[in-house]
Structure formats: structure tokens, C-alpha cells
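Going from the sequence shown to our numbering is simple: count from 1 and add 48. Idealized CB from N, CA, C, for every residue including glycine.
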Amino acid sequence: MAKLLHSRGFHVTFVNTEFNHRRLLHSRGPNALDGMPRFRFATIPDELPPSDANATQDVPALCYSTMTKCLPHLLSLLARLNSETSSETPPVTCLVVDGGMSFGYDAAKAIGVPCAALWTASACGLVAYWHYHQLIEWGIVPFKDEAQLADGAYLDTVVHGTRGLCDGMRLRDFPSFIRTTDRDDVMLNFFVHEVERLSLPDAIMVNTFDDLEETTLDAPTAEQDGLLEWLDGHTPRSVEYVNYGSITVMTNDQLREFAWGLAGSGYAFIWNIRPDLVKGDAAVLPPEFLSSVEGRAMLTTWCPQEAVLAHEAVGLFLTHSGWNSTIESISAGVPMLSWPFFAEQQTNCRYKCTEWGIGREIGGEVRRAELAEMIREVMGGEKGREMHRRAAEWKDKAVRATLSGGPAERNLDKVINEVLLSTKYRSS
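Have a look at this one:
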């Protein structure tokens with residue numbers, strides 16, 4: 049990939065661990081990296097004990113290190129690269145990150161550049177890893193005891209409900225790191241962590257081709273289509289949509305309170321749960337919650353928000369009150385329950401609740417019983433009917449504001465003509 053990008057005119061800095069860089073020099077010779085304009089190598093430490101270049105590193109230790117220790121080193125390297133720019137060495141404008149080194153996504157976000165993940169293994173393997181969290185939620189993984197690990201008949205158990213994988217997938221067909229009796233197994237948790245975080249980069253590149261793995265590659269689109277089909281099966285205003293944006297974080301206790309509040313409301317819901325939603329931990333819901341909402345809950349890590357809000361089945365949006373989410377909900381005529389996190393979200397929440405009549409605020413300390421009651425009131429109570437009436441009025445005004453020749457277009461034309469095309473600042 050680095051060579052392909054280089055051949056298309058990119059200036060490439062290939063970042064490796066110090067250990068792997070030494071192995072490259074050892075195998076290719078000390079002059080292997082000479083004479084390559086616009087292509088350079090850089091290294092970061094992996095914080096593992098020194099070892100011989102011919103040795104194989106401890107893979108679990110390396111995986112744990114990349115999850116917990118490598119981000120500061122990459123940020124330091126990027127800062128140095130951006131401080132050493134010249135006409136021949138431009139600043140860093142994008143990152144391509146190995147799919148097993150998700151700390152690179154955080155680094156790209158920190159310096160404000162786009163990021164693409166490169167998954168060098170198969171697409172079917174990627175989707176199989178993606179189902180690890182499902183196997184854990186179902187209680188299949190970790191294995192109960194050592195006997196199951198060695199039981200050929202048990203390993204032949206067919207696992208159903210694995211979207212994107214071929215029919216008849218057996219336990220033995222999944223990547224081997226599920227074969228553990230330890231829920232804290234480093235490799236099991238590493239792949240759960242890394243694959244869940246693949247929702248963070250701007251694109252994912254996979255080392256395959258369409259005809260070979262078409263069904264697997266279509267799985268994400270199929271999941272989105274399935275979500276809208278799921279909504280089609282519900283009556284108008286009968287589904288809650290829950291999404292707390294791309295930055296908001298919460299504690300595990302708050303996650304559980306939200307979960308049981310949704311369960312206690314009695315309504316169907318779609319809940320978009322980012323892998324990094326829980327601060328400093330994985331966003332894992334208790335198995336008893338999942339069983340209690342079976343058949344009326346759709347859990348996702350990403351969804352087409354505008355399409356969801358525009359669906360007639362959606363009657364309520366639980367949101368962090370970010371402005372993009374707020375304006376999309378207003379444009380769709382959907383009232384909101386708001387749990388503001390920071391910045392102007394608190395201000396947006398205040399206006400929704402007191403000025404526009406389309407919102408209610410969830411207290412900072414989420415309580416499941418209070419949340420369930422609040423949801424029931426908005427979805428079916430008298431206050432909720434008034435909120436829906438006001439939301440419909442604001443939707444109509446939003447539509448009229450964006451019509452051709454409407455105020456939004458007129459204001460944009462004014463900025464273009466009086467500012468962007470102005471001759472006021474042009475030299476004579």
C-alpha cells in the first residue's frame with residue numbers, strides 16, 4: 049500500500065516499531081532504504097524488552113503494548129515530522145493505519161487529519177472477528193472449561209445469526225483466539241477491541257477483491273438496509289432512537305442505567321453504541337439486559353442517522369444535544385430527550401426544552417426508573433403529544449427555510465455576492 053500511494057505522488061513516511069525496523073535492515077541490508085525520494089522510514093518504540101533481531105516477539109505482549117502504550121510515541125513522532133517540514137518534506141496530511149493498531153485513529157483525530165484503516169487479512173476473517181463480541185454476549189466465549197477446548201464435537205457446533213459469514217460456520221471455523229477459558233485473555237480482548245474500533249477511521253481498505261468475497265464485503269450495507277427494514281415493521285412513533293454522538297463518553301454505571309431505562313420503557317428502540325462510548329473501558333452490556341429486550345431492540349455501532357430520524361416509526365430521539373443531531377431531529381419532526389455532554393450542548397438543550405417546546409433534559413446522574421417514565425411520557429403521554437405537535441411545526445418551518453429561493457438560499461447568495469466575490473479587498 050505504501051508503494052502504491054508513493055507511485056501516485058504521495059510523500060510517504062512508513063512508521064514501524066524499532067524492532068521491526070531493525071529486522072528489515074537485518075534482512076535487506078543496511079543500504080536497503082537508500083535512494084527513494086519522497087519515501088522515508090520512521091520508528092516508534094513498542095516498550096517491550098530488547099530482543100535479538102532474529103527472535104520472534106511475544107505476540108500477546110506486543111498486542112497489549114499497542115493497545116496501551118504506543119499512542120504517545122506516535123503523537124510525539126507526528127509532532128516532530130510536522131515541525132521539520134520543508135519544500136521537499138510536507139506536513140502530515142493523512143494516516144493509513146494497520147487494522148490492528150487502532151491507536152493510529154486516535155493520533156489522526158488528535159492532529160486533525162483523515163485516516164484510513166488497512167486490514168491486510170481476509171474480509172471473512174474480519175467479519176468473523178467482528179462477531180467475537182456476539183459470541184461473548186451469547187455466553188459461548190470464553191469456553192466453559194478445558195474439556196470443551198479439546199472436544200471435537202463441541203467445536204463442530206454451528207453458530208447461527210452471524211451476518212456476513214457463510215452458512216454453517218462452526219466454532220472451529222472462527223479465528224482461533226476464541227479458544228480460551230479466560231475472559232481476560234489478551235488476544236481475545238485485543239481483537240474485540242481492535243475490530244470494534246474500526247468504526248472510527250474514515251475508510252477501511254481490505255486486502256481482497258469483490259468477486260471473491262462479495263457477500264462479506266456487502267455485509268455493512270446489508271446491516272444498514274436491515275435496520276431500515278426493521279423499522280418498516282413498526283407502527284408510526286413507536287420506536288426510540290438513541291445516539292450520543294461521536295465524542296460523548298459515559299461511565300459503565302451510566303451505560304447500565306441507560307440500558308435498563310430503555311428496557312423499562314416498554315418501547316422498541318435502536319441504540320447506536322460506539323466502541324469507545326464508555327470512558328476507559330469497553331462498552332459491554334449485561335447479558336440479562338440483552339435477553340430482556342430481545343425482539344424489540346436493534347443495537348448498532350453506526351447507522352444512517354438522517355434516514356432513521358426521517359422514518360415514520362421513530363417517535364423520540366435520545367441525544368447528547370450536539371447541533372448536527374439537533375437540527376437533523378428538528379428537520380425530521382422528532383422530539384428529543386437530551387443528555388448534554390459539553391460545549392454548547394447545554395445551551396441547545398435549554399432552548400429545546402424551554403423555548404422551542406420539543407425537548408426534555410435527562411439529569412446528569414441517570415436513573416433508570418426516571419428515564420423509563422420520561423420516555424413513556426414523551427412517547428404516549430399528554431406532554432409528549434404537545435412535544436410532537438411542536439416538533440411538526442418546526443419541521444414545516446425547517447422545510448420552508450430550505451426551499452429554493454427561501455431564506456437559507458438567499459442568505460448564502462448574499463454571502464457569495466457581497467463577501468466571497470467582493471472586489472473590496474482586491475488590489476487595483
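Next on the checklist: Once the 5 residues before and after Gln-196 are set aside, which same chain residues still bring their CB inside 7 Å of it?
Outcome noted: Locating residue 196 in the sequence shown gives position 148, where the first residue counts as 1. Once the five neighbours on either side are set aside, the close Cβ partners of Gln-196 are Tyr-202.
Item to check | Same chain, Cβ closer than 6 Å to Ile-318, neighbours up to 5 away in sequence not counted | outcome: Taking the sequence shown and counting its residues from 1, one reaches residue 318 at position 270. So the qualifying residues of the chain are Tyr-289, Met-346.
Next on the checklist: Given a cut-off of 7 Å on the beta-carbon distance, is the pair Ala-267 and Ala-164 in contact?
Outcome noted: Reading the sequence shown from its first residue, position 219 is the one you call residue 267. Reading the sequence shown from its first residue, position 116 is the one you call residue 164. In this structure, Ala-267 sits away from Ala-164, with a CB-CB distance that is not shorter than 7 Å.
Checklist entry - Quick one, which of Glu-425, Thr-228, Lys-400 has its alpha-carbon nearest Glu-194's? => result Sequence index remark: in the sequence shown, residue 194 carries index 146 (1-based). Of the candidates Glu-425, Thr-228, Lys-400, the one whose C-alpha sits nearest the C-alpha of Glu-194 is Thr-228.
Checklist entry - Between the beta-carbon of Ala-171 and the beta-carbon of Leu-248, is there less than 7 Å? => result If you number the sequence shown from 1, residue 171 lands on position 123. If you number the sequence shown from 1, residue 248 lands on position 200. Not in contact: Ala-171 and Leu-248 (Cβ atoms no closer than 7 Å).
Checklist entry - Below 8 Å, can you find three or more Cβ-Cβ pairs linking the stretch 380-390 to the stretch 355-369? => result Touching, per the Cβ criterion.
Item to check | Beta bridge counterpart(s) of Leu-166 as assigned by DSSP | outcome: The sequence position of residue 166 within the sequence shown is 118, counting from 1. Asp-146, Met-253.
Checklist entry - Pick from Thr-296, Ala-331, Asp-301, Phe-337: whose alpha carbon is nearest that of Ser-313? => result For the purposes of this step, residue 313 is taken as residue 265 along the sequence shown, with counting starting at 1. The shortest C-alpha separation from Ser-313 is found at Phe-337.
Checklist entry - With 16 other CB atoms within 10 Å as the buried threshold, where does His-208 fall? => result In the sequence shown, the residue the question calls residue 208 occupies position 160. Burial call: exposed.
Checklist entry - From what residue to what residue does the alpha helix (DSSP H) around Ala-331 run? => result As a working note, residue 331 is residue 283 in the sequence shown. According to the DSSP assignment, Ala-331 belongs to no alpha helix (DSSP H), since it is labelled neither H nor E.
Item to check | Residue(s) in a DSSP beta bridge with Glu-244 | outcome: As a first step, residue 244 must be located in the sequence shown, where it is residue number 196. The partner list for Glu-244 (beta bridge, DSSP) is empty, contrary to what the question assumes.
Next on the checklist: Tell me which residues share the same chain as Ala-311 and place their Cβ nearer than 7 Å to its Cβ, disregarding the 5 neighbours each side in the sequence.
Outcome noted: Against the sequence shown, residue 311 aligns to sequence position 263. Phe-337, Ser-340, Val-341, listed in sequence order.
Checklist entry - What residue does the alpha helix (DSSP H) around Ser-377 start on, and which one ends it? => result Residue 377 sits at position 329 when you count from the first residue of the sequence shown. First-last of the alpha helix (DSSP H) with Ser-377: 371-380.
Item to check | From Val-414, His-121, Val-234, residue whose alpha carbon lies closest to that of Gly-298 | outcome: Position 250 of the sequence shown, counting from 1, holds the residue named residue 298. It is Met, not Gly, that sits at residue 298 in the sequence shown. Closest option to Met-298, Cα to Cα, is Val-414.
Item to check | Residues of its chain near Asp-204, where Cβ-Cβ distance is below 6 Å and the 5 sequence neighbours each way are ignored | outcome: Reading the sequence shown from its first residue, position 156 is the one you call residue 204. Hits under 6 Å: Arg-218.
Next on the checklist: Quick check: what's the CA-CA separation for Arg-304 versus Val-206?
Outcome noted: Sequence index remark: in the sequence shown, residue 304 carries index 256 (1-based). Sequence index remark: in the sequence shown, residue 206 carries index 158 (1-based). Distance between the alpha carbons of Arg-304 and Val-206 is about 31 Å.
Next on the checklist: Just to check my reading of the structure: Phe-89 and Phe-62 have Cβ atoms closer than 8 Å, yes? What is that Cβ distance to the nearest angstrom?
Outcome noted: Counting from 1 along the sequence shown, the entry for residue 89 is found at position 41. Counting from 1 along the sequence shown, the entry for residue 62 is found at position 14. About 5 Å; that satisfies the 8 Å criterion.
Checklist entry - Where do the N-terminal and C-terminal ends of the alpha helix (DSSP H) with Ile-92 fall, by residue? => result Taking the sequence shown and counting its residues from 1, one reaches residue 92 at position 44. Per DSSP, Ile-92 is not a residue of any alpha helix (DSSP H); the beta strand (DSSP E) it occupies stretches across 87-92.
Checklist entry - Does DSSP put Phe-222 in a helix, a strand or coil? => result By 1-based counting over the sequence shown, the position of residue 222 is 174. In this structure, Phe-222 counts as coil in the three-state DSSP scheme.
Next on the checklist: Only counting the same chain, and skipping five residues up and downstream in sequence, which positions put a Cβ closer than 6 Å to that of Arg-344?
Outcome noted: Counting from 1 along the sequence shown, the entry for residue 344 is found at position 296. Once the five neighbours on either side are set aside, the close Cβ partners of Arg-344 are Ala-316.
Item to check | Under the three-state DSSP convention, the category Arg-348 falls into | outcome: By 1-based counting over the sequence shown, the position of residue 348 is 300. Sequence check: residue 348 is Thr here, not Arg. Three-state result, Thr-348: strand.
Checklist entry - Thinking just about the alpha-carbon of each residue, which of Asn-465, Val-447, Asp-280 is nearest to the one in Ala-380? => result Position 332 of the sequence shown, counted from the start, is the residue given in the question as residue 380. The candidate whose alpha carbon is nearest that of Ala-380 is Val-447.
Checklist entry - Just how far apart, CA to CA, sit Leu-357 and Asn-64? => result Mapped onto the sequence shown, residue 357 falls at position 309. Mapped onto the sequence shown, residue 64 falls at position 16. Approximately 43 Å between the Cα atoms of the pair.
Item to check | Option in Thr-91, Thr-256, Glu-277 with minimal Cα separation from Cys-118 | outcome: The count along the sequence shown starts at 1 and reaches residue 118 at position 70. Comparing Cα-Cα distances from Cys-118 to each of Thr-91, Thr-256, Glu-277, the minimum goes to Thr-91.
Next on the checklist: Mapping the DSSP letters down to three states, classify Arg-6 as helix, strand or coil.
Outcome noted: Residue numbering for the chain in the displayed model covers 49 to 476; residue 6 lies beyond these limits and cannot be assessed.
Next on the checklist: By DSSP's criteria, Trp-319 is part of a beta bridge. Which residues make up the other side?
Outcome noted: Locating residue 319 in the sequence shown gives position 271, where the first residue counts as 1. Per the DSSP secondary-structure output, Trp-319 pairs in a beta bridge with Val-290, Leu-347.
Next on the checklist: Assuming the contact rule is C-beta atoms closer than 8 Å, Ile-410 and Leu-419 should be a hit. Round their C-beta distance to whole Å, please.
Outcome noted: Translated into positions along the sequence shown, residue 410 becomes position 362. Translated into positions along the sequence shown, residue 419 becomes position 371. Between Leu-419 and Ile-410 the Cβ distance is about 6 Å, and since that is below 8 Å, they are a contact.
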